[in-house]
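This report concerns only the one structure given below.
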Amino acid sequence: MNINILKGNMTTIFYSAERCAAGKSHAQRDRIVTTPGLYLLAVDRREMIGEAVRKLREQAVQAGTSPVIREVYSRDQNHPDGSASVRVDIEALPTTYTTGHIVVVTTHEALRLSDLSKFEGWACCIDEAPNAFFREELVTHALGSAWFAARYELIPADDGRPYAQVRAYSDAPAAADVASDTIMRSLDLFHRRVVSGRTPVYVDLRGWSEMDNRKRAWTWHSLWLPTELEAFDRVEIVANAFDESVTALIWRNRCPRVGFVPLPPLSAAAFAHRDLTIRYFAEAHGATGYLFDSTDGKARLGSIGKWMRQTDDQGRHLNVDPVNHIWTANLRQAEKLGAMPGQHLSPRQAGTDKFGALTMATMIYSAKPAPSEIAILETLGVSPAQVVKARETEDLVQFANRIGRRANDDRPLTITVYDRVQAEALQAYFDSVGHFRTNLVLVDLGFATAEAKRAGRPSKPKRTPEEEREHQREKKARQRAEAKAKRAA
Numbered sequence: 008m009n010i011n012i013l014k015g016n017m018t019t020i021f022y023s024a025e026r027c028a029a030g031k032s033h034a035q036r037d038r039i040v041t042t043p044g045l046y047l048l049a050v051d052r053r054e055m056i057g058e059a060v061r062k063l064r065e066q067a068v069q070a071g072t073s074p075v076i077r078e079v080y081s082r083d084q085n086h087p088d089g090s091a092s093v094r095v096d097i098e099a100l101p102t103t104y105t106t107g108h109i110v111v112v113t114t115h116e117a118l119r120l121s122d123l124s125k126f127e128g129w130a131c132c133i134d135e136a137p138n139a140f141f142r143e144e145l146v147t148h149a150l151g152s153a154w155f156a157a158r159y160e161l162i163p164a165d166d167g168r169p170y171a172q173v174r175a176y177s178d179a180p181a182a183a184d185v186a187s188d189t190i191m192r193s194l195d196l197f198h199r200r201v202v203s204g205r206t207p208v209y210v211d212l213r214g215w216s217e218m219d220n221r222k223r224a225w226t227w228h229s230l231w232l233p234t235e236l237e238a239f240d241r242v243e244i245v246a247n248a249f250d251e252s253v254t255a256l257i258w259r260n261r262c263p264r265v266g267f268v269p270l271p272p273l274s275a276a277a278f279a280h281r282d283l284t285i286r287y288f289a290e291a292h293g294a295t296g297y298l299f300d301s302t303d304g305k306a307r308l309g310s311i312g313k314w315m316r317q318t319d320d321q322g323r324h325l326n327v328d329p330v331n332h333i334w335t336a337n338l339r340q341a342e343k344l345g346a347m348p349g350q351h352l353s354p355r356q357a358g359t360d361k362f363g364a365l366t367m368a369t370m371i372y373s374a375k376p377a378p379s380e381i382a383i384l385e386t387l388g389v390s391p392a393q394v395v396k397a398r399e400t401e402d403l404v405q406f407a408n409r410i411g412r413r414a415n416d417d418r419p420l421t422i423t424v425y426d427r428v429q430a431e432a433l434q435a436y437f438d439s440v441g442h443f444r445t446n447l448v449l450v451d452l453g454f455a456t457a458e459a460k461r462a463g464r465p466s467k468p469k470r471t472p473e474e475e476r477e478h479q480r481e482k483k484a485r486q487r488a489e490a491k492a493k494r495a496a
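The following block contains the structure:
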């Protein structure tokens, strides 16, 4: 196997950024099963491991090879046969396997949590862009700032922005102790990343005492950098528009010595031309978490759900075909939409082809960056607009590409999103693919032209003339009383 890593903190990452359904993952699996070696294949989430293993075995049979294929994923009530400690199992692989044709399939998160410094002689193959920027909210009112201040040092940002880097003191608890403590387990990931020292961890606080003055959650963020992958002989990532992802943007800015080398282009598969209608509900405002949580937003989501459920006198759905429909929404928004026809899925569906024969997809979804994220990401060279494109738009593109994946199928497709900006982003993507005839359709449910409302406190009601005169009288009386008290003093 060629060594493509130059020691001295320099990594070469081979990547394919070709569009969805171009065959990137299939080509990556072909490289794995046809060339004997040691491979760690990381997929987006645990639910994709079984599908990846099935396809690896099918492609190995076609190639006439017999690699040993193993799965490593965490144990829970739905996966009782999983690993008790994914990190321990991953870190043991370099000593467990030193030769042969071995393929271990795991998740992106397993890579982020593990010490990968012993993987000389292995290739790391990553399917879909790994998340280099992790964010989690915590509520620790009962624990209080004193506990954190005794264990972690905060280093405030030099530019005065409201965040600080976290470093563990030398006497901080071991990661295993926190992980095994039933009370402290919610801090496991935060603590593990801080004490590892391998990835920077930030909080949206400048001092731990700020935690006691808040009635809301505080947020921590963590970076995962390609320097974690230095030991591998080869690092390869296949992901739609990878070079425009938040991960690639951060890695290029933070690690300028990392080289990014495109993989050879794939031969384009021939698809039948087909009509694609993209429906949307909002012309003058966009999807945001603030909107969806507001009174107006809840009513609008309810109207969308009602419209999707409309039927004729015979009970046939008018606006969606339940048998051919998948839909998604942010977790808090799904219940506001109500029970929609079709199959409800989580927003992240990159890589799966289970729904390739279906023709309709709906995404009432927003993934705009939070203010605390914006401050940190901007210092990393990533703008809010780039985050929206790489996160929200990419999720919409990936979900939309779960349907209509059969090359010879020319049935029309219908995709539904919340606002026009999202619809136009999808139109631009599908127009670039080349075999779609796209058409945007506004569905006006009464709020299409409503303007966006700014987030923040509600404005105070305007006083009547009589109320204003009374207010001024009371204000002057207070001022006179204060002046009199000062003179008496």
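When the letters of the sequence shown are read in order and numbered with the numbering used here, they come out as residues 8 to 496. Note that beta-carbon positions come from the ideal geometry of N, C-alpha and C, so glycine has one too.
At the C-beta level, residue 139 and residue 253 come within 9 angstroms of one another. With at least 16 other beta carbons inside 10 angstroms of its own, residue 405 counts as buried. In the DSSP annotation of this structure, the continuous segment of the alpha helix (DSSP H) that includes residue 199 starts and ends at 195-203. Pairing residue 250 with residue 278 gives a Cβ-Cβ distance that is not under 9 angstroms. Per DSSP, reduced to three states, the secondary structure at residue 38 is helical. Within the same chain, 160 come within 6 angstroms of residue 174 by CB-CB distance, once the 5 residues on both sides are set aside. Residue state for residue 314 is assigned as helix, using DSSP reduced to three classes. Under the DSSP definition of a beta bridge, residue 160 partners with 174. In terms of Cβ geometry, residue 179 and residue 200 do not form a close pair [threshold 9 angstroms]. Cβ neighbours of residue 115 within its own chain (closer than 8 angstroms, five residues either side excluded): 49, 50, 51, 52, 133, 135, 137, 138.
Minimum Cα-Cα distance from residue 296 among the listed residues 325, 313, 336 corresponds to 336. Taking residue 231 as the centre and dropping the five residues before and after it, the same chain places the C-beta of 119, 139, 206 closer than 6 angstroms to its C-beta, in chain order. Taking residue 299 as the centre and dropping the five residues before and after it, the same chain places the C-beta of 340 closer than 6 angstroms to its C-beta, in chain order. Only exposed fits residue 361, as fewer than 16 other CB atoms lie within 10 angstroms of its CB. Cβ-Cβ distances below 6 angstroms link residue 399 to 374 in the same chain, with the five nearest sequence neighbours on each side left out; the list follows chain order. For residue 297, the enclosing alpha helix (DSSP H) stretches over residues 296-300. Relative to the Cα of residue 162, the nearest Cα in the group 209, 105, 150 belongs to 209. Under the DSSP assignment, residue 260 falls outside any beta strand (DSSP E), being part of the alpha helix (DSSP H) whose first and last residues are 253-261. Secondary structure in the region 72-152: the alpha helix (DSSP H) runs of 4 residues or longer, each lying completely within the stretch, are 93-103, 115-120 in chain order.
The alpha-carbon separation between residue 324 and residue 317 amounts to approximately 6 angstroms. With respect to the C-alpha of residue 54, the residue from 27, 85, 394, 37 having the closest C-alpha is 85. If you check the CB distance, residue 372 and residue 294 come in under 9 angstroms. The continuous stretches of alpha helix (DSSP H) do not include residue 214, and DSSP gives it neither H nor E. Here residue 459 has 292 as same chain residues with Cβ atoms under 6 angstroms from its own Cβ, once five neighbours each way along the sequence are excluded. Residue nearest to residue 27 within the set 409, 416, 321 is 409 (criterion: CA-CA distance).
Counting along the chain, no alpha helix (DSSP H) covers residue 274, and no H or E run does either. In the three-state DSSP reduction, residue 231 falls in the coil class, being neither helix nor strand.
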